[in-house]
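Each remark here refers to the structure printed beneath this line.
Numbering (our numbering), first residue to last: -5 to 292.
Next comes the structure, spelled out in structure tokens:
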């Protein structure tokens, strides 16, 4: 059994085009034009986007763009960066600029912040910027698999997302790290309906190529098949804010556990904790019990 956890952070983070922690918008734009050549008009739009986005981040404390990004609160993933700008052109340019900053490893986003941005064809943009031989080999192996182009694209996106949010190169991606990425993507419902397929092909390719140790399960499904958890562990896995409600749900599930098989019990825990109570906490964070107001019920 392996335990889901982000891959260990490397001593020196990936910097495929040098240290851009304090680079100006113009310096970043010059590198971007070299990595992703575009026509002159598009180059101007890219510069405009980098200027407005970095100007917004510069309003927050920090010595690096990563520090300012964290200070801005945008890493929580509750707000799309493009929504901070009123003009449609600024919104579009800022969204593209954020993709540039992620791909060039100027900013390392959390998974919620990364998924909130909804970039189109992010993995292609990311791959072109990395100068990562291990990643290039992974792409070759994915292309050789006997599956549909759709699932090949999904595998590439899974890896691009994991490397971006964990701040690593492919060589540093552990089985625990990919398992963590798959589980958190499911939990956050970031897959737009694809959650239950997240990571499967990528895992298969990495395992068959020897990237993962032989002791690691051959499939992601095998890695996710954990021993049965107690009712308390099931509830704790959802990290509910209100501990009194968490305790109440634990007691209820404990009583029901004598009559239900584990699969049904786990499904009930998901329904009560994730679908029901976490939704209540989203609607009304101050809700302390099951005496729901009419507004909460609606």
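The C-beta atom is built at its ideal place from N, Cα and C for all residues, glycine as well.
So, are the CB atoms of residue 39 and residue 115 less than 7 Å apart?
Within the chain shown, numbered from 1, the residue matching residue 39 stands at position 45. Within the chain shown, numbered from 1, the residue matching residue 115 stands at position 121. It is not a contact, given that the beta carbons lie outside the stated cut-off.
Where do the ends of the alpha helix (DSSP H) carrying residue 146 lie?
Your numbering for residue 146 matches position 152 in the chain shown. That run of the alpha helix (DSSP H) goes 143 to 160.
Report, in whole angstroms, the separation of the C-beta atoms of residue 79 and residue 46, which I expect to be a contact under 8 Å.
Numbered from 1 along the chain shown, position 85 holds the residue referred to as residue 79. Numbered from 1 along the chain shown, position 52 holds the residue referred to as residue 46. The Cβ separation is near 7 Å, so the contact holds.
Are the Cβ atoms of residue 44 and residue 22 separated by less than 7 Å?
Numbered from its first residue, the chain shown carries residue 44 at position 50. Numbered from its first residue, the chain shown carries residue 22 at position 28. Yes, Cβ-Cβ distance for residue 44 and residue 22 is below 7 Å.
Excluding the 5 residues preceding and the 5 following residue 146 in the sequence, name in chain order all residues of the same chain whose CB lies nearer than 6 Å to its CB.
Locating residue 146 in the chain shown gives position 152, counting from the first residue. Answer for residue 146: 136, listed in chain order.
When you compare only the Cα positions, how much space is there between residue 48 and residue 19?
Residue mapping note: residue 48 aligns to position 54 of the chain shown, counting from 1. Residue mapping note: residue 19 aligns to position 25 of the chain shown, counting from 1. Cα to Cα, the separation comes out at about 7 Å.
Could you check the C-alpha separation between residue 153 and residue 2 for me, to the nearest Å?
Taking the chain shown and counting its residues from 1, the one referred to as residue 153 is at position 159. Taking the chain shown and counting its residues from 1, the one referred to as residue 2 is at position 8. Cα-Cα distance, rounded: 16 Å.
Runs of 4 residues minimum, wholly inside the region 47 to 134: which ones carry the alpha helix (DSSP H) assignment?
Within the region 47 to 134, the complete alpha helix (DSSP H) runs of at least 4 residues are 59 to 66, 82 to 97, 105 to 111 and 116 to 124.
Contact check, residue 56 vs residue 70 under 8 Å by CB: the rounded distance?
As a working note, residue 56 is residue 62 in the chain shown. As a working note, residue 70 is residue 76 in the chain shown. 16 Å between Cβ atoms; not a contact.
Just the C-alpha distance for residue 163 and residue 156, rounded to the nearest angstrom, thanks.
Mapped onto the chain shown, residue 163 falls at position 169. Mapped onto the chain shown, residue 156 falls at position 162. Using only the alpha carbons, I get a separation of about 10 Å.
Could you tell me whether the Cβ atoms of residue 124 and residue 10 are closer together than 7 Å?
Position 130 of the chain shown holds residue 124. Position 16 of the chain shown holds residue 10. Yes; because the gap between Cβ atoms is below 7 Å, this pair is in contact.
In whole angstroms, what separates the C-alpha of residue 72 from that of residue 110?
As a working mapping, residue 72 is identified with position 78 in the chain shown. As a working mapping, residue 110 is identified with position 116 in the chain shown. In a straight line, the C-alpha of residue 72 is about 7 Å away from that of residue 110.
Going by CA-CA distance only, name the one from -2, 8 and 256 that's closest to residue 129.
Position 135 of the chain shown, counting from 1, holds the residue named residue 129. Closest option to residue 129, Cα to Cα, is 8.
In angstroms, rounded to a whole number, what distance separates the CA positions of residue 59 and residue 102?
In the chain shown, residue 59 corresponds to position 65, counting from 1. In the chain shown, residue 102 corresponds to position 108, counting from 1. The alpha-carbon atoms of residue 59 and residue 102 are separated by roughly 10 Å.
Could you give the first and the last residue of the continuous alpha helix (DSSP H) run that contains residue 264?
What you label residue 264 is simply residue 270 of the chain shown in a count that begins at 1. That residue, residue 264, is in no alpha helix (DSSP H); it is neither H nor E in DSSP.
What did DSSP end up calling residue 10 once you bin it into helix, strand or coil?
Here residue 10 refers to the residue found at position 16 when the chain shown is read from its first residue. Strand at residue 10.
Restricting to Cα atoms, I'd like to know which of 122, 178 and 12 is closest to residue 107.
Within the chain shown, residue 107 is the residue found at index 113, counting from 1. Cα-wise, what sits closest to residue 107 is 178.
What would DSSP say about residue 204, mapped onto helix, strand or coil?
Locating residue 204 in the chain shown gives position 210, counting from the first residue. DSSP places residue 204 in coil when its eight states are reduced to three.
Leaving out the 5 sequence neighbours to the left and right, which residues in its chain are closer than 6 Å to residue 266 when beta-carbon positions are compared?
Walking along the chain shown from the start, residue 266 turns up at place 272. Excluding residues within five positions, the ones whose Cβ falls inside 6 Å are 243.
Classify residue 172: buried if its beta carbon has 16 or more other beta carbons within 10 angstroms, exposed otherwise.
Sequence index remark: in the chain shown, residue 172 carries index 178 (1-based). Buried.
Could you tell me the distance, in whole angstroms, from the CA atom of residue 248 to the CA atom of residue 232?
Within the chain shown, numbered from 1, the residue matching residue 248 stands at position 254. Within the chain shown, numbered from 1, the residue matching residue 232 stands at position 238. Residue 248 and residue 232: Cα-Cα distance of roughly 16 Å.
Give a yes or no on whether the C-beta atoms belonging to residue 67 and residue 76 are separated by under 7 Å.
On the chain shown, position 73 is the one that residue 67 refers to. On the chain shown, position 82 is the one that residue 76 refers to. No, the Cβ-Cβ distance between residue 67 and residue 76 is not below 7 Å.
The alpha helix (DSSP H) with residue 21 in it runs from where to where?
For the purposes of this step, residue 21 is taken as residue 27 along the chain shown, with counting starting at 1. Here the alpha helix (DSSP H) through residue 21 covers 19 to 29.
With a threshold of 6 Å (Cβ to nearest heavy atom), would residue 9 be considered close to the ligand ADP?
Inclusion of the ligand ADP in the displayed structure is not the case, the ligand content being empty and no account of it being possible.
Tell me the DSSP secondary structure of residue 291 in three-state form.
Taking the chain shown and counting its residues from 1, one reaches residue 291 at position 297. For residue 291, the pLDDT reaches just 48, beneath the cut-off of 50, and the residue's location in the model is therefore unreliable, leaving the point undetermined.
Within its chain, find whatever has a CB closer than 7 Å to the CB of residue 192; leave out the 5 residues flanking it on each side and keep chain order.
The residue you call residue 192 lines up with position 198 of the chain shown. Contacts found: 152, 176, 179, 180 and 185.
Rank 149, 264 and 246 by C-alpha distance to the C-alpha of residue 214 and give the top, closest one.
As a working note, residue 214 is residue 220 in the chain shown. Nearest of 149, 264 and 246 to residue 214, Cα basis: 149.
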